[in-house]
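Only one structure is covered here, and it is reproduced in the block below.
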Amino acid sequence: MTSYQAHYQTAMADPETFWLEQANKLPWFRTPTQALEQLSANRYRWFADGKLNCSYLALDQHVAAGRGGQTALIYDSPVTNTRQSYSYQQLLQQVQLCAGALQQLGVNKGDRVVIYMPMIPEAVIAMLAVARLGAIHSVVFGGFAAHELAVRIDDASPKVIISASCGIEVNKVIAYKPLLDKALAQAVHQPVATLIVQRTQLAAELKPGRDYDWQQTLANASSVEAVPVASDHPLYILYTSGTTGKPKGVVRDHGGYAVALNYSMSAIYNVQAGDVFFAASDVGWVVGHSYIVYGPLIAGCTSVLYEGKPVMTPDAGAFWRLCQQYKAKVLFAAPTAFRAIRKDDPEAQLLEQYDLSALHCIFMAGERLDPATYAWTLAKTAKPVIDHWWQTETGWPICANLMGIEALPVKPGSSSVPVPGYCIEVLDDAGKRLPANQQGNIAIKLPMPPGCLQTIWGNEARFEAGYLTSFPGYYSSGDGGYIDEEGYVFIMGRTDDVINVAGHRLSTGEMEEIIARHPAVAECCVIGIADALKGQLPFGLVMVKNGSVISPEQLEQELVAMVREDIGAVACFKQAKIVQKLPKTRSGKILRKVLREMADGQTPQVPSTIEDPTCLDEIRMHLP
């Protein structure tokens, strides 16, 4: 581990020199002279005296360096039978015009723009155009329910919303514009305009005076150059589920993020300018922000934008086809995707049709990589399979096998070792550091490295309470796990009520709020249960009001519909069972941890404070 250890120790012993050296690899408008500045006991900022723009770094710098003809973005859409590539020069021209169009609609530095888009090139163009103006984008996963979109609109208060007429799933067209209209009807805040990409599969009705056609508006726009902004100027707000049900708007900066991503592309993923990087994610998630858009483009790579699924578009060979066709050096996806491929093609017969000689490595993140999925992927592809761990909040990996520094031995079930800049410790509930191999709370000693969240949008108190209060001097990750005697980190799951469904973080608390609105429901509880394909699935237990005559089947059907309406199909909420009692402490706290352990086939640690332990026998009968 000499090379990794030397690299890690250098970053920890002298972060000022280490990160200034990384910063100097980027073309700043004003180069920073200081890496880290402490603002208060818990607050820091990176490269405070520097000025730059992430849109410039992603596009202009490469064109200026004479590489404008290189392919920047490949759009591959099996659901529409479309393939299209953009050179850096072509992508820059489209981004310049989009920025001009937004400027004409009144968007200026510091304004917010919500982007509610499918996986089409216009989504990437919109993100980079907003950043170009020094405005702040907030991408909402395309197809999210109207209520969820409305909540984010009210929180971010965007000047403009950019959307598309529709999104396309397997054999299904989803009309986005009616969802957007419904969200705007629910939202208190109203944008001055919406900009709509009309797709040929389904045109949207535009409201005169508010809705603008993307193509027409860009055709009448003028090119705009990148606006220099301070390093700590917000680049985007990205919402992630919180334990209260209200989403948290993670705020990311320009400077620290750009430096961290550029470093990660070479150190972790071992790619350089000209290499092809395929992240099979969505621009609505943090992986899409960091490793479809900003990371690969800042590093001068070719990024693959895929509008399809790992299976059924058309089959479980889709990823292998993309890797062969575009000579991808890195494939990055959630373990869920590989579980779906394995389910449809357990012997990987489709893989035999494709040449993966250009593929150097497969990375997985977004949820725990179970050893069975790791072993199957490794055996069938004969490529290094790297699990790595990070969060929406950090924006880039916390733990990883640094393939560009030194490829360490892999331990199935571990997300490898801490990335330089992250000092990871395992603490008990009192904040005491635990020894090797003992499970506890995963915490990161402050200061965090560049690229991590600055705050929660519009709610500094929630940022402090949610991340910095539990363990003073540390960032509380909300994940539990342990570190072994060789420094490998094992993440075992969340310590709060956020569950991970196919790589999507969802709040069970929010689902409980929805279920509790049903007139027949007296009390309810939602837990995450292990699922071989999705990682986790939500499972509901409800107590009905006295005198209720609704059948269990009818109630389940109505609750499933309510959750789907408010959160969307992404929640995968399909089971809600009626019980006579929920397990509670004498103080009234529902013992969710006990229920999770029961659902996962473990022997639960039932506390002595439980009010009525006999209710567990009935609940056990209802669990899958």
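When you line the sequence shown up against full-length UniProt numbering, it's residues 1 to 624, in that order.
All residues carry an ideal CB built from backbone N, CA and C; glycine is no exception.
> Mapping DSSP to helix, strand and coil, what is T614?
Replying inline: In the three-state scheme derived from DSSP, where H, G and I count as helix and E and B as strand, T614 is classed as coil.
> So is R45 buried or exposed if we call it buried at 16+ other beta carbons inside 10 Å?
Replying inline: Classified as buried, R45 has 16 or more neighbouring CB atoms from the shown chains inside 10 Å of its CB.
>> What does the Cβ neighbour count give for G451, buried or exposed, with the cut at 16 atoms within 10 Å?
In response: Its Cβ being crowded by 16 or more others within 10 Å, G451 is buried.
> Just how far apart, CA to CA, sit E611 and L582?
Replying inline: Cα to Cα, E611 sits roughly 10 Å from L582.
>> Just to confirm the assignment, what range does the beta strand (DSSP E) spanning G480 have?
In response: Counting along the chain, the beta strand (DSSP E) containing G480 begins and ends at Y474 to I483.
> For L26, which of S476, N42, N108 and Y263 has the nearest alpha-carbon?
Replying inline: Of S476, N42, N108 and Y263, the residue nearest in Cα terms is Y263.
> With distances taken between CB atoms, is the gap from P247 to Y239 smaller than 7 Å?
Replying inline: Yes, the Cβ-Cβ distance between P247 and Y239 is below 7 Å.
>> Rounded to the nearest angstrom, what separates G601 and G535 at their Cα positions?
In response: Cα-Cα distance, rounded: 15 Å.
>> I need the DSSP call for Y294, collapsed to helix, strand or coil.
In response: Helix, per DSSP.
> DSSP state of A150, grouped into three classes?
Replying inline: Here DSSP, grouped into helix, strand and coil, assigns A150 to helix.
> Distance, Cα to Cα, S281 vs I292?
Replying inline: Roughly 8 Å separates the two Cα atoms.
> Is there contact here, the stretch 76-92 with the stretch 300-308, by at least three beta-carbon pairs under 8 Å?
Replying inline: Proximity of the stretch 76-92 to the stretch 300-308 meets the contact definition, three or more beta-carbon pairs being nearer than 8 Å.
> So who's on the other strand from D211, going by DSSP bridges?
Replying inline: The beta-bridge partner set that DSSP reports for D211 consists of T194.
> Exposed or buried, which one is S587 when buried takes at least 16 other CB atoms within 10 Å?
Replying inline: Low local confidence applies: a pLDDT of 47 at S587 is under 50, so the model's placement there is unreliable, and no value is given.
> Counting pairs of Cβ atoms below 8 Å between the stretch 155-166 and the stretch 108-123, do you hit three or more?
Replying inline: Enough Cβ pairs lie closer than 8 Å, so yes.
>> I'd like to check one pair, A226 with Y56: are the Cβ atoms closer than 7 Å?
In response: The Cβ-Cβ distance between Y56 and A226 falls below 7 Å.
>> DSSP three-state label for P371, please.
In response: If DSSP states are grouped into helix, strand and coil, P371 belongs with the helices.
>> With distance defined between alpha-carbon atoms, name the residue in G503, K593, Q324 and M543 nearest to V521.
In response: V521 has its Cα closest to that of M543, out of G503, K593, Q324 and M543.
>> Quick check: the Cα distance between A187 and D181, rounded to an integer number of angstroms?
In response: A187 and D181 have their alpha carbons spaced roughly 10 Å apart.
>> Can you give me the C-alpha to C-alpha distance between M127 and H137, rounded to a whole angstrom?
In response: So the two alpha carbons sit approximately 6 Å from each other.
>> Whole angstroms are fine: how far does the CA of E485 sit from the CA of L506?
In response: Roughly 33 Å separates the two Cα atoms.
> Between which two residues does the alpha helix (DSSP H) carrying D355 extend?
Replying inline: Counting along the chain, no alpha helix (DSSP H) covers D355, and no H or E run does either.
> Along the chain, which unbroken stretches of the beta strand (DSSP E) at least 3 residues long are found entirely within the stretch 254-291?
Replying inline: Listed in chain order, the complete beta strand (DSSP E) runs (minimum 3 residues) inside the stretch 254-291 are 276-279.
> If we ignore side chains and look at the alpha-carbon of each, how far apart do D275 and A328 end up?
Replying inline: Between the alpha carbons of D275 and A328 lies a gap of roughly 7 Å.
> Does the distance from the CB of residue 651 to the CB of A443 come in under 7 Å?
Replying inline: Past the edges of the chain, shown from 1 to 624, lies residue 651, and the structure says nothing about it.
> Is the CB-CB distance between G134 and V259 below 7 Å?
Replying inline: Using a Cβ distance threshold of 7 Å, G134 and V259 do not count as a contacting pair.
>> Let me confirm a value: D497 is counted as buried when at least 16 other C-beta atoms fall within 10 Å, else exposed. Which label applies?
In response: Classification of D497: buried, given that the 10 Å Cβ count is 16 or more.
> Leaving out five residues before and five after E16 in sequence, what residues of the same chain have Cβ atoms less than 7 Å from its Cβ?
Replying inline: These residues qualify, in order along the chain: A35 and L36.
> Can you check whether the CB of L427 is closer than 7 Å to the CB of F471?
Replying inline: Yes, the pair counts as a contact, with Cβ atoms nearer than the cut-off.
>> Helix, strand or coil for F186? Go by DSSP, reduced to three states.
In response: Residue 186 is actually Gln in this sequence, not Phe. DSSP places Q186 in helix when its eight states are reduced to three.
> From this set, W28, S222, P178 and A221, which residue's C-alpha is nearest K207's C-alpha?
Replying inline: Among W28, S222, P178 and A221, the Cα nearest to that of K207 is on P178.
>> If you measure between the beta carbons of G100 and S266, is that distance less than 7 Å?
In response: Cβ atoms of G100 and S266: not closer than 7 Å.
> Alpha carbon to alpha carbon, what distance is there between V251 and R462?
Replying inline: For R462 and V251, the distance between alpha carbons rounds to 13 Å.
> Is there contact here, the stretch 358-368 with the stretch 389-404, by at least three beta-carbon pairs under 8 Å?
Replying inline: Yes, they touch.
>> Taking 7 Å as the threshold (C-beta atoms), are Q103 and V224 in contact?
In response: Yes.
> Rounded to the nearest angstrom, how far is the Cβ of L73 from that of V124, given a contact under 8 Å?
Replying inline: Indeed they touch by this definition, with Cβ atoms about 6 Å apart.
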